[in-house]
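**Student:**
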DNA sequence: CGAGTGGTTGATATCTTTCAACCCACGTGG
DNA sequence: CCACGTGGGTTGAAAGATATCAACCACTCG
């Protein structure tokens with residue numbers, strides 16, 4: 274059935290952009306080669322020159338960089354409906370890795386097809402460009418998080434952001450959401466050591482504002498989490514706003 | 274004379290993108306309203322809804338965010354030929370501030386004019402989109418810098434990056450470049466305290482790899498600076514690369 | 001049952017911040 | 001012409017945050 278792969282993408286794009294029926298159809302008719310991929314699979318690598326971009330149909334993925342001395346910094350987490358390496362359309366050499374966090378369904382779309390799409394459908398072009406700009410906005414906030422907030426606030430901010438983004442997809446329930454991430458990965462997201470992440474989480478649990486349970490996070494006191502993390506949702510640019 | 278304002282922009286864009294004579298002409302004929310602005314002037318503010326974007330014709334500027342508790346994080350430094358708030362074309366509400374570091378000549382370009390330009394000149398559209406993607410690439414490296422590198426390396430990385438970007442404009446000489454920035458601003462760039470920036474700089478000076486003199490930095494041992502900062506220029510995407 | 005992964009703990013070392021001065025160059029007003 | 005105020009840089013001491021190291025525990029999987 275055409276459109277099942279692009280469902281989350283279309284949902285996301287139409288929430289903020291004015292796309293007409295033909296725009297949507299053009300997206301749904303993109304030739305997509307989908308693949309089921311195991312967790313922790315690095316499917317795009319620093320230095321690669323991809324000829325296709327990759328839509329996350331289902332599951333979580335992340336972007337990361339390795340420093341020459343072997344440290345890892347995770348740059349962003351990605352959820353269904355996002356195209357984390359859309360940039361490779363214009364930047365031909367990858368400057369970071371893309372890895373699945375969980376088992377994922379990925380949809381690979383040839384750059385040629387995307388180029389054709391943005392040539393024929395200016396609305397879609399604008400919407401995709403916009404997506405890459407939101408991406409950058411999230412990076413900026415990530416810089417603030419890592420540069421200026423203490424560990425507890427960093428963690429809180431990240432959880433608040435994830436909650437907000439997942440909420441838009443309808444993947445949250447009463448402040449809870451599924452996110453199968455290890456403390457090692459959290460540490461690499463936040464620029465902290467694993468041990469410190471562990472202690473920070475414990476503190477948040479003791480304060481009763483966060484609970485974790487296997488693969489899901491519960492924000493028990495969402496307002497508190499957002500306040501502690503200084504979370505202000507404007508930077509996500511989720512509203513039409515014009 | 275048409276084109277004097279856009280000189281640095283055209284220089285930058287044509288270095289990596291294939292623009293024909295008409296593309297260039299279209300850029301040069303953009304209606305630009307230029308203005309001389311004092312140092313430390315915040316000319317775009319968090320929350321604004323700009324109807325124009327701003328080209329740096331001459332001088333330095335930076336983007337920054339303030340946290341609710343009054344801390345500042347500088348997100349990027351900008352040099353002539355860049356349009357730091359090009360994003361406002363698609364993201365209608367600003368999520369950060371834009372401030373001049375030095376006295377600047379700024380060129381304001383109406384969004385309407387830019388929209389017309391990208392509609393008529395797809396090559397230019399692609400080039401501008403690409404610029405915003407390079408912007409994001411620099412943010413990513415900035416995240417790594419702040420998240421994973423100790424103070425000395427952070428400083429070194431930033432200096433190496435600035436040198437590289439200024440070199441492309443021909444504004445470096447034997448590892449030296451002009452950058453009138455205070456230690457307070459450096460601290461906000463690097464996510465450090467002023468005191469620590471001061472000590473870090475002293476250390477770099479004592480090691481003989483960096484010298485500072487009023488408004489100019491000298492990278493006495495450029496290789497050493499790049500190694501210490503783990504600087505790898507690919508992420509700047511300065512080469513055509515296709 | 002043993003190995004491996006992810007989580008937890010305590011002790012200690014290191015890095016970075018904070019605080020509180022102080023210095024210096026510069027520009028301004030008396 | 002000089003006193004003074006100011007911004008930027010520098011310093012030392014102490015406090016605080018985070019990292020590191022080295023175990024140990026719990027659970028899952030083959």
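Residue numbers (our numbering), protein chains in the order written: chain A, 274 to 515; chain B, 274 to 515. In this text, a Cβ means the ideal position worked out from N, Cα and C, and glycines have one as well. Please read all numbers here as calculations on a predicted model, not as lab measurements.
Please classify residue 443(A) as buried or exposed, where buried requires at least 16 neighbouring CB atoms within 10 angstroms.
**Tutor:** Position 170 of the first chain, counted from the start, is the residue given in the question as residue 443(A). Result: exposed.
**Student:** Between residue 286(B) and the rest of its own chain, which residues show a CB-CB distance below 7 Å, the 5 nearest in sequence each way excluded?
**Tutor:** As a position in the second chain, residue 286(B) is number 13, starting the count at 1. For residue 286(B), where only same-chain residues beyond five positions count, the Cβ hits under 7 Å are 292, 400.
**Student:** Please state the DSSP three-state secondary structure of residue 488(B).
**Tutor:** For the purposes of this step, residue 488(B) is identified with residue 215 of the second chain, where counting begins at 1. Coil at residue 488(B), not helix or strand.
**Student:** With respect to the beta strand (DSSP E) encompassing residue 479(A), which residues constitute its N-terminal and C-terminal limits?
**Tutor:** Here residue 479(A) refers to the residue found at position 206 when the first chain is read from its first residue. That residue, residue 479(A), is in no beta strand (DSSP E); its alpha helix (DSSP H) goes 467-479.
**Student:** Can you list, in chain order, the residues of the segment 409-423 of chain A whose Cβ is nearer than 8 Å to any Cβ on chain B?
**Tutor:** Those residues of the segment 409-423 of chain A that come within reach of chain B (Cβ to Cβ, closer than 8 Å) are 409, 410, 412, 413, 414, 415, 416, 417, 419, 420, 421, 422.
**Student:** Relative to the C-alpha of residue 511(B), which candidate in 463(B), 406(B), 321(B), 420(B) has its C-alpha closest?
**Tutor:** Within the second chain, numbered from 1, the residue matching residue 511(B) stands at position 238. Nearest of 463(B), 406(B), 321(B), 420(B) to residue 511(B), Cα basis: 406(B).
**Student:** Cβ of residue 369(A) less than 8 Å from any chain B Cβ?
**Tutor:** Working through the first chain from its first residue, we reach residue 369(A) at position 96. So yes, residue 369(A) belongs to the interface.
**Student:** Using a 10 Å radius around the Cβ and a threshold of 16 neighbouring Cβ atoms, would you call residue 357(B) buried or exposed?
**Tutor:** Along the second chain, one-based indexing puts residue 357(B) at 84. Looking at its Cβ environment, which holds 16 or more other Cβ atoms inside 10 Å, residue 357(B) is buried.
**Student:** Does any residue of chain A bring its CB to less than 8 Å from the CB of residue 372(B)?
**Tutor:** What you label residue 372(B) is simply residue 99 of the second chain in a count that begins at 1. No, because no Cβ of chain A sits closer than 8 Å to the Cβ of residue 372(B).
**Student:** Residue 384(A) CB to nearest chain B CB: under 8 Å?
**Tutor:** Residue numbering aside, residue 384(A) sits at position 111 when the first chain is read from its first letter. So, not an interface residue.
**Student:** Taking 7 Å as the cut-off, does the CB of residue 425(B) come closer than this to any heavy atom belonging to the ligand MN?
**Tutor:** The ligand MN is not part of this structure, which contains no ligands at all.
**Student:** Do residue 373(B) and residue 312(B) come within 8 Å of each other at the CB atom, strictly closer than that value?
**Tutor:** What you label residue 312(B) is simply residue 39 of the second chain in a count that begins at 1. What you label residue 373(B) is simply residue 100 of the second chain in a count that begins at 1. Yes.
**Student:** Does residue 318(A) have its Cβ less than 8 Å from a Cβ in chain B?
**Tutor:** By 1-based counting over the first chain, the position of residue 318(A) is 45. So, not an interface residue.
**Student:** For residue 393(B), which residues from the same chain have a beta carbon less than 8 Å from its beta carbon, with the 5 sequence-adjacent residues on both sides left out?
**Tutor:** In the second chain, residue 393(B) corresponds to position 120, counting from 1. So the qualifying residues of the chain are 299.
**Student:** Any C-beta of chain B sitting closer than 8 Å to the C-beta of residue 405(A)?
**Tutor:** Reading the first chain from its first residue, position 132 is the one you call residue 405(A). Yes, residue 405(A) lies at the interface with chain B (some Cβ there is under 8 Å from its Cβ).
**Student:** Alpha carbons only, please: which of 465(B), 283(B), 307(B) is nearest the one belonging to residue 325(B)?
**Tutor:** Locating residue 325(B) in the second chain gives position 52, where the first residue counts as 1. Here the closest residue by C-alpha is 307(B).
**Student:** In three-state DSSP terms, what is residue 319(B)?
**Tutor:** On the second chain, residue 319(B) is found 46 positions in, with the first residue counted as 1. Here residue 319(B) sits in coil by DSSP.
**Student:** Return the CA-CA distance between residue 431(A) and residue 502(A), expressed in angstroms with no decimal places.
**Tutor:** In the first chain, the residue the question calls residue 431(A) occupies position 158. In the first chain, the residue the question calls residue 502(A) occupies position 229. Using only the alpha carbons, I get a separation of about 8 Å.
**Student:** For residue 334(A) and residue 500(B), what's the separation of their Cα atoms in angstroms?
**Tutor:** Here residue 334(A) is taken as the residue at index 61 of the first chain, counted from 1. Here residue 500(B) is taken as the residue at index 227 of the second chain, counted from 1. Those two C-alpha atoms are separated by around 31 Å.
**Student:** Would residue 340(A) pass as an interface residue toward chain B - the criterion being a Cβ-Cβ separation below 8 Å?
**Tutor:** Taking the first residue of the first chain as position 1, residue 340(A) is located at position 67. By this cut-off, residue 340(A) is an interface position.
**Student:** How many Å lie between residue 463(A) and residue 475(B) at the Cα?
**Tutor:** Taking the first chain and counting its residues from 1, one reaches residue 463(A) at position 190. Taking the second chain and counting its residues from 1, one reaches residue 475(B) at position 202. Approximately 29 Å between the Cα atoms of the pair.
**Student:** Is residue 468(A) close to chain B, meaning its C-beta is less than 8 Å from at least one C-beta of that chain?
**Tutor:** In the first chain, residue 468(A) corresponds to position 195, counting from 1. Cβ-Cβ to chain B under 8 Å: no for residue 468(A).
**Student:** Excluding five sequence neighbours on each side, which residues of the same chain lie with their C-beta closer than 6 Å to the C-beta of residue 427(A)?
**Tutor:** Within the first chain, the letter at position 154 stands for residue 427(A). The answer, listed in chain order, is 418, 463.
**Student:** Over what stretch of residues does the alpha helix (DSSP H) that includes residue 283(A) continue unbroken?
**Tutor:** By 1-based counting over the first chain, the position of residue 283(A) is 10. Start and end: 280-289.
**Student:** Starting from residue 417(B), follow the alpha helix (DSSP H) in both directions and report where the run begins and ends.
**Tutor:** Residue numbering aside, residue 417(B) sits at position 144 when the second chain is read from its first letter. Segment 395-421, the alpha helix (DSSP H) holding residue 417(B).
**Student:** Who does residue 518(B) pair with in a DSSP beta bridge?
**Tutor:** For chain B, the structure presents residues 274 to 515; residue 518(B) sits outside this window and is missing.
**Student:** What does residue 392(B) touch in chain A if you count any residue whose Cβ is under 9 Å from its own?
**Tutor:** On the second chain, position 119 is the one that residue 392(B) refers to. Neighbours of residue 392(B) on chain A, chain order: 395.
**Student:** Could one say the Cβ of residue 399(B) lies closer than 8 Å to chain A's Cβ atoms, at least one of them?
**Tutor:** Residue 399(B) sits at position 126 when you count from the first residue of the second chain. Output row for residue 399(B): interface = yes.
**Student:** Along chain B, which residues have their Cβ under 8 Å away from the Cβ of residue 363(A)?
**Tutor:** Within the first chain, numbered from 1, the residue matching residue 363(A) stands at position 90. Simply 399, 402, 403, 406.
**Student:** CA-CA distance, residue 336(B) and residue 484(A)?
**Tutor:** Start at 1 with the first residue of the second chain, and residue 336(B) comes out as number 63. Start at 1 with the first residue of the first chain, and residue 484(A) comes out as number 211. In a straight line, the C-alpha of residue 336(B) is about 36 Å away from that of residue 484(A).
**Student:** The beta strand (DSSP E) with residue 330(A) in it runs from where to where?
**Tutor:** To locate residue 330(A), count along the first chain from 1; it is residue 57. Where residue 330(A) is concerned, the enclosing beta strand (DSSP E) stretches over 325-331.
**Student:** Are there 16 or more other CB atoms within 10 angstroms of the CB of residue 460(B), so buried, or fewer, so exposed?
**Tutor:** Stepping through the second chain from its first residue, residue 460(B) is reached at position 187. Buried is the call here.
**Student:** May I have the straight-line CA-CA distance separating residue 384(A) from residue 412(B), to the nearest angstrom?
**Tutor:** One-based indexing of the first chain puts residue 384(A) at position 111. One-based indexing of the second chain puts residue 412(B) at position 139. Those two C-alpha atoms are separated by around 24 Å.
**Student:** Three-state secondary structure (DSSP) at residue 498(A)?
**Tutor:** As a first step, residue 498(A) is located in the first chain; it is residue number 225 there, counting from the start. The answer is helix: DSSP assigns residue 498(A) an H, G or I state.
**Student:** When we look at the beta-carbon of residue 420(B) and count the other beta-carbons within 10 Å, is it buried (16 or more) or exposed?
**Tutor:** Taking the second chain and counting its residues from 1, one reaches residue 420(B) at position 147. Counting Cβ neighbours within 10 Å, residue 420(B) comes out buried, since at least 16 surround it.
**Student:** Would you say residue 328(A) and residue 362(A) are within 8 Å of each other, going by their C-beta atoms?
**Tutor:** Position 55 of the first chain, counting from 1, holds the residue named residue 328(A). Position 89 of the first chain, counting from 1, holds the residue named residue 362(A). In this structure, residue 362(A) does not lie closer than 8 Å to residue 328(A) by Cβ.
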